[in-house]
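> In the working numbering, the protein residues as written are 29 to 701.
Below is a structure I'd like to ask you about.
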């Protein structure tokens, strides 16, 4: 590490540029505060006033190919990174000329052109993304650094610890920059943290760490140069704690009752602009005409930005649902398979999923599998057994028990062009990753105005039936089917277990695959050349004329068995396998109901707020006059799934229940003479 790298190059032009960048941020945010009072900017507005030295000291040290992940207080980061001021302000107005197309607002500035991966309204939510971005660069041998900015409040979040641990374990090239402004919203650091020297927390993960005066732009730049040079030479993460202070409220709604005016004034007197400008003046390094020129240039830039935002246009309401998902999708493969081709092999559902993962890894060098115990253990359900020996630890990655960070890392890697397959073991564990799935994976395309997407696949086991009791017997796929921006799949057959994964990996948006635990041992015949299948369409698994039995996943085979029992009573049931729970194939559902005029929906989720309720309402909306009887549904009982076998069986849909519901619906109408 040389002095020319570790120390700022304090030429006069560089000194003036440092001061100008800080003044530029300060004056811009002063204008933003004014515009907020005029209701031109709405929602939350978090200003960077007082913290300018951190962004100005760190970001200019980066290369253009390096990446920046910011927080909800990201205006300063965006401006220094090169996001045009007019585009940033237009975004805060909500205009379609904004850097995120007007869909993100103040907390979600994105700009692909400058590798600015956006602000994040979730405290600590950007940390796993940064690890994923860095991991993608590492796996492709790119000499890039990802910088992640976050506040001291994020240190209390589990994602902070999970992300640092993962970054250290995998030697990921990330610079973590904690902007310690002493208050997490309105609570002082010493009230929330037993260890207030935050950099020491990073040291506990064996990450090179240091604390720096965040009000001294020269000290910050020197530290940033040291850190980034170390990362590029070692490939390992680095941690900077920048002691700083925000002069304004946490947000424009904040009455600031938690600190005194005297405290704020004392910090203002040693603020980064006052301090650096005073030092330049004392040493004759800047002249009044320099300051006058800076102010004039900044004021002019702000005026132009305001005019640009004011002249911007509102996106038409007709485009409301634009960019919820990618505007273009890959062509579906031939299929789906409706039965085994020739020749066939005897296999299990588990082996079919394993072969799907193996196939994806062979086809696409960007693909990799990550999750708890997926490597050496072979997966909780032995799905990935043997893959570590075949593909190695770079592509079969054992992770800590850190669902949120692992999922966020997968999302970040996907945003950077990789194709991660994240295994969350069981769907109840996915609740620990819900923040990343709901707030990032499902929203990133919409919030960024289609600049970024998260094309990853998240697999998890679902369902009950193995006496795993209440905490390991959930069926939450219906919950996830509620979320716009993701696809939700439920493969029930060997063909779908084998074929859905590769098709899902071609999607430009996140896909969740729910594998029912009762199917892993399912045996049957599978075409030896079985490959990708269509994931858009429901499939008629049994044709019939009297009633439509609509289901998915593990309940498919119970429903088919119930249909055979009904046939003995003279009731010809049609069985629809939904396969894709979001988006639902309304056309297939309505076509079946329009033919049979009766419907029973079988859903392992709880009855209240169930996916079955959604399907029932869609049938009512689209085919009410086709119905000859009320719709019925068979769901799990409103009870945590019990441990005893007889109670577990009573709590979830059973063949007899499905058949009884169908008989009741068919008997509501007298047979035609």
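Yeah, the Cβ is synthetic: ideal placement off N, Cα and C, and Gly gets one too.
Fair warning: this is a prediction, and the values are worked out from it, not measured in the lab.
Output the distance between the C-alpha atoms of residue 271 and residue 207, rounded to the nearest integer angstrom.
7 Å
> Between the segment 82-91 and the segment 116-129, do at least 3 Cβ pairs fall closer than 8 Å?
no
> Roughly how many angstroms separate the alpha carbons of residue 688 and residue 660, rounded to a whole number?
11 Å
> Check whether the segment 190-203 touches the segment 244-263, taking contact to mean three or more Cβ pairs, one atom from each stretch, closer than 8 Å.
yes
> At what residues does the beta strand (DSSP E) containing residue 488 begin and finish?
485-490
> Do the segment 417-429 and the segment 559-570 touch if we need at least three Cβ pairs shorter than 8 Å?
no
> Whole-angstrom Cβ separation of residue 515 and residue 610, contact assumed at under 8 Å?
Confirmed, Cβ separation roughly 6 Å.
> For residue 93, which residues of its own chain have a beta-carbon under 6 Å away from its beta-carbon, when the five flanking residues on both sides are left out?
The residues are 172.
> Can you list the beta strand (DSSP E) stretches of 3 or more residues lying completely in the segment 561-611, in chain order?
567-570, 575-579, 601-605 and 608-610
> Between residue 230 and residue 240, is the Cβ-Cβ spacing less than 8 Å?
Residue 230 is not a Cβ neighbour of residue 240, given a cutoff of 8 Å.
> Decide if residue 29 is buried, meaning its Cβ has at least 16 other Cβ atoms within 10 Å, or exposed.
Note that residue 29 has pLDDT 31, beneath the 50 cutoff, so the model's placement of it is unreliable and the number below is only indicative. Exposed is the call here.
> For residue 604, which of 306, 572, 656 and 593 has the nearest alpha-carbon?
572
> With 16 other CB atoms within 10 Å as the buried threshold, where does residue 695 fall?
exposed
> Around the C-beta of residue 615, are 16 or more other C-beta atoms found within 10 angstroms, so that it is buried, or is it exposed?
Counting Cβ neighbours within 10 Å, residue 615 comes out exposed, since fewer than 16 surround it.
> Can you look up residue 541 in the DSSP assignment and give me helix, strand or coil?
In the structure shown, residue 541 sits in a strand (DSSP, three-state: E or B).
> By the three-class DSSP mapping on this structure, what secondary structure does residue 411 have?
coil
> Closest to residue 546 by CA distance: which of 211, 557 and 521 is it?
521
> Give the straight-line distance between the Cα atoms of residue 701 and residue 653, rounded to the nearest whole angstrom.
With a pLDDT of 28 at residue 701, under the threshold of 50, the modelled position of that residue is not reliable, and the figure given next carries that caveat. Their Cα atoms are separated by approximately 22 Å.
> Checking 8 Å against the spacing of the C-beta atoms, do residue 650 and residue 618 come in under that value?
The answer is yes: Cβ separation under 8 Å.
> Just confirm the distance between the C-beta atoms of residue 267 and residue 236, as a whole number of angstroms; I'd bet it's less than 8 Å.
7 Å
> Rank 622, 608 and 114 by C-alpha distance to the C-alpha of residue 566 and give the top, closest one.
Selected option, being the one with the closest Cα: 608.
> When you compare the CB positions of residue 213 and residue 73, do they come within less than 8 Å of one another, or not?
no
> If I follow the unbroken alpha helix (DSSP H) through residue 617, where does it start and stop?
Bounds of the alpha helix (DSSP H) holding residue 617 are 614-624.
> Under 8 Å, do residue 593 and residue 577 count as touching if we go by C-beta distance?
No, the pair does not count as a contact, with Cβ atoms beyond the cut-off.
> Please classify residue 476 as buried or exposed, where buried requires at least 16 other C-beta atoms within 10 Å of its C-beta.
By the neighbour-count rule (16 or more Cβ atoms within 10 Å), residue 476 is buried.
> According to the neighbour-count rule (16 or more other Cβ atoms, all chains shown, within 10 Å of its Cβ), is residue 219 buried or exposed?
So residue 219 counts as exposed.
> In terms of residues, what are the limits of the beta strand (DSSP E) holding residue 174?
Secondary structure note for residue 174: its beta strand (DSSP E) is the uninterrupted segment 174-179.
> Around the Cβ of residue 586, are there at least 16 other Cβ atoms within 10 angstroms (buried) or fewer (exposed)?
Counting other Cβ atoms within 10 Å of its Cβ, residue 586 reaches 16 or more and is therefore classed as buried.
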